[in-house]
Amino acid sequence: MDNRPVLLEVENLQTHFRTMDGVNRAVDGVSFHVRSGETLAIVGESGCGKSVTAMSILRLIPEPPGKIAGSIRFQGRDLLGLSDKEMRDIRGNEISMIFQEPMTSLNPVLTNGQQIGETLRLHQGLSKSQAEERAVEMLRLVGIPEPGRRVREYPHQLSGGMRQRVMIAIALACNPKLLIADEPTTALDVTIQAQILDLMRDLKTRVGAAIVIITHDLGVVAEVAERVVVMYAGRKVEEAPVADLFRTPRHPYTQGLLGSVPKLGSSLTGQTSRLSEIPGLVPSLKQKIPGCVFASRCPKASDLCRAVPPGLALKAPGHFAACHYAEAEGSVAA
Amino acid sequence: MSQRVLEVTDLKKHFPIRGGLFGSTIGYVYAVDGVSFHIDKGETLSLVGESGCGKSTVGKAVLRLFPLTSGQVVLNGQRIDDMSAGALRPLRRQIQVVFQDPFSSLNPRMKVRDILAEPIRNFGLARSEAEVDEKVGSLMDKVRLPRDAVNRWPHEFSGGQRQRICIARALAAEPDVIVCDEAVSALDVSVKAQIVNLLQDLQSELGLAMLFISHDLAIVEHMTHRVAVMYLGQIVEVAERRALFGAPRHPYTEALLSAVPIPEPGAARERIVLQGDVPSPIKPPPGCRFHTRCPYSMERCRKEAPRLRDDGTGHLAACHLHDLPAAENPLLNKAPPTAFRAA
């Protein structure tokens, strides 16, 4: 059993947005935890609330129209109860974030060194020259050639992969305990993606930060995560250690998701059969759904599913699924 | 002998770079630099590569969305690369396109019915309005959308449904070739599977030839017959699906395949992580264009550009390594990068 201390504990997180035509329940009662040094992946399709969950942890949701409820405890402190100033001391220092778009997340009028140095000067009180020295060190750490020259250059002089490395350097500059990476490789090409994933794995062992990686790419999940949370329509539908999730997915949504991705090498093993489809569409989050959120697309859905929302139940060690019909370990073989 | 629908020979597209005080041409972007391939009836050829390799430019050039720098494009036996716009117009019926972004490729001010009726009227494929309606209805059936949705606006549909409308619009012209330019890349995983299945069904039903441009290798392997790999404006390898994914004969293909994350935790395989970035297509490196990132590059690669050569089985690759004795060739005698052991 994992006995690393719990670093982050999110409980019954609800992030709702007031809109012209009703309340959008982007995240509706999600709970999970992250242990220190652990890599947790949050997977789901667009609109499932995975990015909003990440933004809620750092309180980057504008309020109003947003409203965050529940509790987010980081090292025992409830982040939702902190003042804006206290929150600023945590952002970029103890918890930092990498965004999807390295093109738009860097400031085009500041040099790479200034952007890395900014967090250091703010949180660690370094002088300008000390900050630049440390920035060069960080650029070297993330594998940018000629860091002494690159530190004085501007983001537009770098390629997409290099910019993402600068983003990672900024995020890691203050040795955060938790790094949230929101689709860190989605905008990158596969060969560059491989470089960045290698870098993240390598840095994790060296820096020892816990990582929450948010992605829709199941391949990336399999490569970097230890534990996985699957989200659908603002709720957590399944949580499991990564190997269990891929071997025996228990929620019909996860099963459908895994069946709908072709595997590389399929032509060699002769597995080029039809992809399984999940029929229909994600339901609108503006209406309160009485039963299971997946019932409208689920092949196993019954009247029970449409009326009563299933709770998360333990199906195997460390493996939770929110489904009335998910089989538990030891019952009929899946 | 199957019927050749599209044949492209030594296609080049160089975009001029304007600069200086008087906007004179100060250089060229060598976006596509000598690409040849062919597609037969009922066949899917995939064009894969990373961003900036010129794969979309090839697609647009084949569609004649801009004039070519040089090269030949033969569609159903007719050369279309040097045809005037007027002469080409009726032939455009034979080659249609589905783009990546279903949000920006449908006119928001046209109802679905008008979007689908436009190509039918344009190419004179129906004799009466009643026949137009009938054709529009059967197109909706083909892409599995309800017939009564024709009176709705594009914004009322989700991304996957809009992509179905785009496919229906392409089919409305009754084409022989469809170019799919990253047609499933913008879609969510579960919706992607729906569209991939739809495209496969339509192809076998209608005998379409397809040029499938994509960067997603797992999808490509799933749905293609042959694959062409592009790097910096050139094709470096072309082969049947099984040959390419099982035994790649170009180091770039090998690295590309090994870089794709596999949804199989703990899968052990040899990964080749390429160093650096793709060089600029404004100043492509001399010799083999891949030599700056190639793990096996030799002296010869820096000077002499390799030609695309057949290994005798229809598997083409442009690499000097194949001139070495087989025992010294690092690409042979090796487990394929797509083979992996489950943990």
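Residue numbers (the working numbering), protein chains in the order written: chain R, 1 to 334; chain A, 1001 to 1343. Heads up, the beta-carbon is just placed ideally off N, CA and C, and yes, glycines get one too. Just so you know, these numbers come straight off a predicted model, no measurement behind them.
Please compile the residues from chain R whose C-beta is within a distance smaller than 7 Å of the C-beta of residue i.
i	result
S1051 (chain A)	D189
S1158 (chain A)	L281
L1206 (chain A)	Going along chain R, no residue has its Cβ under 7 Å from L1206 (chain A), so there is no contact; the nearest lies around 18 Å.
In chain A, which residues lie with their C-beta within 7 Å of the C-beta of residue i?
i	result
V242 (chain R)	P1265
S56 (chain R)	Those do not exist, as S56 (chain R) stays about 22 Å from chain A at its closest Cβ, beyond 7 Å.
V220 (chain R)	P1261
G161 (chain R)	D1277
S105 (chain R)	Those within 7 Å of S105 (chain R) in chain A number zero; the least Cβ separation is about 18 Å.
E223 (chain R)	P1261
E45 (chain R)	D1188, V1189, S1190
S96 (chain R)	Here the premise fails: no neighbours, minimum Cβ distance about 24 Å.
Mapping the DSSP letters down to three states, classify residue i as helix, strand or coil.
i	result
M1140 (chain A)	helix
Q1234 (chain A)	strand
P102 (chain R)	coil
A1343 (chain A)	Low per-residue confidence applies at A1343 (chain A): pLDDT is 36, beneath 50, and the placement is therefore not dependable enough to give any value.
Q1200 (chain A)	helix
M55 (chain R)	helix
A1085 (chain A)	helix
A1243 (chain A)	helix
Y1030 (chain A)	strand
P279 (chain R)	coil
K236 (chain R)	strand
K1135 (chain A)	helix
A334 (chain R)	Legend: pLDDT at A334 (chain R) = 41, less than 50; position of this residue unreliable, value from coordinates given subsequently. Three-state DSSP puts A334 (chain R) in coil, outside helix and strand.
H33 (chain R)	strand
E38 (chain R)	coil
P241 (chain R)	strand
I61 (chain R)	coil
E1043 (chain A)	coil
Q287 (chain R)	coil
D1148 (chain A)	helix
F1157 (chain A)	coil
Could you work out which residues of chain R lie near residue i, taking near to mean beta carbons separated by less than 9 Å?
i	result
R1271 (chain A)	A194, D198
H1215 (chain A)	D189, V190
L1274 (chain A)	T191, I192, A194, Q195
So if DSSP puts residue i in a beta bridge, which residue, or which two residues, is it bridged to?
i	result
G1180 (chain A)	The question names Gly, but residue 1180 (chain A) is Cys in the sequence shown. Answer is A:V1098, A:F1212.
Q195 (chain R)	Paired residue(s): none; Q195 (chain R) is not in a bridge.
I68 (chain R)	R:T15
T1057 (chain A)	The partner list for T1057 (chain A) (beta bridge, DSSP) is empty, contrary to what the question assumes.
F1015 (chain A)	A:V1029
H1038 (chain A)	A:E1007
G22 (chain R)	R:T19
I213 (chain R)	R:A41, R:A181
S1128 (chain A)	None, per the DSSP bridge assignment.
A1317 (chain A)	A:E1237, A:R1309
E9 (chain R)	R:H33, R:R73
M231 (chain R)	R:K236
D28 (chain R)	R:Q14
M97 (chain R)	R:I180
Using a C-beta to C-beta distance shorter than 9 Å, which residues of chain A count as neighbours of residue i?
i	result
I278 (chain R)	V1189, S1190, V1191, A1193, Q1194
So residue i contacts chain A; which residues on that side make the cut at Cβ distance below 8 Å?
i	result
K263 (chain R)	A1218, I1262, P1263, E1264
F246 (chain R)	P1263, E1264, P1265
S296 (chain R)	Going along chain A, no residue has its Cβ under 8 Å from S296 (chain R), so there is no contact; the nearest lies around 13 Å.
G256 (chain R)	S1190
S284 (chain R)	In chain order: nothing, as chain A lies at least about 11 Å away.
Quick one: which chain R residues come within Cβ less than 8 Å of residue i?
i	result
N1197 (chain A)	R274, L275, E277
A1255 (chain A)	T191
Check whether the Cβ of residue i sits closer than 8 Å to any heavy atom of the ligand SAH, and report yes or no.
i	result
Q1203 (chain A)	This structure simply doesn't include the ligand SAH, nor any ligand for that matter.
Legend entry - Proximal residues, the stretch 189-217 of chain R versus chain A, C-beta separation under 8 Å: Taking 8 Å as the Cβ-Cβ cut-off against chain A, the residues of the stretch 189-217 of chain R that qualify are D189, V190, T191, I192, Q193, A194, Q195, L197, D198, H216, D217.
Inset, instruction - Residues of the stretch 1217-1233 of chain A with a CB closer than 7 Å to any CB of chain R: list them in chain order, please. - result: L1217, A1218, I1219, E1221, H1222
Legend entry - Proximal residues, the stretch 1234-1250 of chain A versus chain R, C-beta separation under 7 Å: With the criterion set as a beta carbon lying under 7 Å from some beta carbon of chain R, the members of the stretch 1234-1250 of chain A are R1241, R1242, F1245, G1246, in sequence order.
Legend entry - Members of the stretch 1143-1156 of chain A near chain R, C-beta cut-off 7 Å: In summary, no residue of the stretch 1143-1156 of chain A has a CB separated from any CB of chain R by less than 7 Å.
Legend entry - Contact set between the stretch 1099-1131 of chain A and chain R, restricted to residues whose Cβ is under 9 Å from the partner: none
Inset, instruction - Mind listing, in chain order, the continuous beta strand (DSSP E) runs of no fewer than 3 residues lying wholly within the stretch 160-211 of chain R? - result: 178-182, all fully within the stretch 160-211 of chain R.
Legend entry - Selection of the stretch 1012-1041 of chain A by Cβ proximity to chain R, strictly under 9 Å: The stretch 1012-1041 of chain A vs chain R, Cβ under 9 Å: nothing.
Inset, instruction - For the stretch 289-313 of chain R, list the beta strand (DSSP E) runs that are entirely contained and at least 3 residues long, ordered along the chain. - result: none
Legend entry - Residues, ordered as in the chain, of the stretch 139-151 of chain R that lie near chain A by beta-carbon distance below 7 Å: Of all residues in the stretch 139-151 of chain R, none has a Cβ within less than 7 Å of some Cβ in chain A.
Legend entry - Any alpha helix (DSSP H) of 4 or more consecutive residues that is wholly inside the stretch 99-152 of chain R: 112-124, 128-141, 147-150
Legend entry - Within 7 Å of chain A by C-beta, residues of the stretch 60-88 of chain R in sequence order: Of all residues in the stretch 60-88 of chain R, none places a beta-carbon less than 7 Å from a beta-carbon of chain A.
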